[in-house]
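Under numbering that gives the first Met the number 0, the sequence shown has 203 at position 204, and the numbering climbs by one with no breaks.
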Amino acid sequence: MRKIIIAIDGYSSCGKSTIAKELAKALNYHYVDSGAMYRAVTLFLIQNHIDIYHPELVQKALKDIQINFGVNEETQTQITLLNGEDVENEIRVNSRVASAVSEVSSISEVRKFLVNQQQMLGAQKGIVMDGRDIGTVVFPTAELKLFITAEPKIRAQRRLDELKSLGQNTTFEEVLANLTKRDEMDSNRLDSPLLKAKDAIEIDNSNLSQDEQFALIIDLVRKTKGQEQRN
Ligand code: DC
């Protein structure tokens with residue numbers, strides 16, 4: 000059966016990566032977390048004291064950044080590698096990364112650098128990628144585009160639970176404030192703002208269980224693949 004590209008976009012912490020991972024596993028597709036790539040670039044810039052308000056310095060630093068994905072042998076989960084080093088935990092729990100990532104992802108040089116890599120990763124299809132501009136910029140011709148939403152308070156609680164499980168000590172208010180700020184920056188930046196693609200299917204999962212959401216989406220995948228087969 001012909002492989003397709005599944006593009007998943009949406010606000011921060013609305014469960015995009017959970018559903019993307021589930022889909023990739025069920026379909027035996029590759030999963031790419033594009034947000035992890037923006038986080039890894041942000042971590043590199045912080046570690047190397049690069050002034051993110053100077054695009055020419057950022058552009059120069061990008062030449063020294065290599066991002067790959069690997070597997071944690073112990074947990075069998077996907078990890079992000081920054082220049083060969085496992086930074087999976089660091090990019091999720093480092094509050095400086097969380098604070099700077101929206102600013103870094105608004106830099107056109109950074110977007111160009113990562114979009115190019117993301118498009119290469121999808122060249123063979125059979126991929127599920129989640130992010131903010133996947134259906135609009137990275138894969139505008141993706142066979143299936145999903146736009147996931149959920150109420151901000153529900154998203155903040157989910158993110159708080161995730162951070163706590165990673166050993167982070169933070170509050171609901173802090174998480175909600177960071178999330179709201181990131182939503183605003185992601186939606187209002189000039190280059191590739193978070194937008195629902197015209198042909199994306201919107202799913203509000205505020206009141207859906209993980210299983211209900213999966214059932215709904217896998218059905219959409221089957222229909223899309225069936226349609227592709229007939230074309
Ligand atoms: O999905 P996430 O929260 O890990 O993403 C981190 C940040 O990266 C988010 O604030 C927006 C940015 N991002 C982006 O601009 N474009 C993408 N395709 C993915 C993420």
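Just so it is clear, CB atoms sit at the ideal spot from N, CA and C, and this is done for glycine as well.
Given the structure is predicted, the values throughout are model-derived calculations rather than measurements.
Which two residues bound the contiguous beta strand (DSSP E) that contains residue i?
i    : result
A6   : I4 to G9
Q77  : T76 to L81
G130 : I126 to G130
F146 : L143 to T148
N71  : I66 to N71
Report the CB separation of residue i from residue j in whole angstroms; it is logged as a contact under 8 Å.
i    : j    : result
T79  : I66  : 7 Å
R229 : L165 : Incorrect: roughly 45 Å between the Cβ atoms, too far for contact.
A19  : Y30  : 6 Å
F171 : L162 : The Cβ separation is near 10 Å, so there is no contact.
Mind checking residue i: buried by the 16 CB within 10 Å criterion, or exposed?
i    : result
V220 : buried
S181 : In the sequence as displayed, the identity of residue 181 is Arg instead of Ser. By the 10 Å Cβ count, R181 comes out buried.
G9   : buried
Q46  : exposed
L41  : Per the sequence presented here, residue 41 reads as Thr, with Leu not at that position. Buried: at least 16 other Cβ atoms inside 10 Å.
L113 : buried
V70  : exposed
N206 : exposed
E87  : buried
S94  : exposed
Using beta-carbon positions only, say whether residue i and residue j come within less than 8 Å of one another.
i    : j   : result
S16  : D32 : yes
I51  : L44 : yes
K195 : I4  : no
Q118 : V96 : no
Do residue i and ligand 1 come close, with the Cβ less than 7 Å from some heavy atom?
i    : result
D261 : With the chain represented from 0 up to 230, any question about residue 261 goes unanswered, as that position is not in the structure.
G121 : no
G130 : yes
G14  : no
I147 : no
G34  : yes
S101 : yes
D160 : no
Y30  : no
I133 : yes
S104 : yes
S11  : yes
Would you kindly report the start and end of the unbroken alpha helix (DSSP H) that includes residue i?
i    : result
K163 : P151 to S164
D182 : F171 to N187
D218 : Q209 to R229
I45  : S33 to Q46
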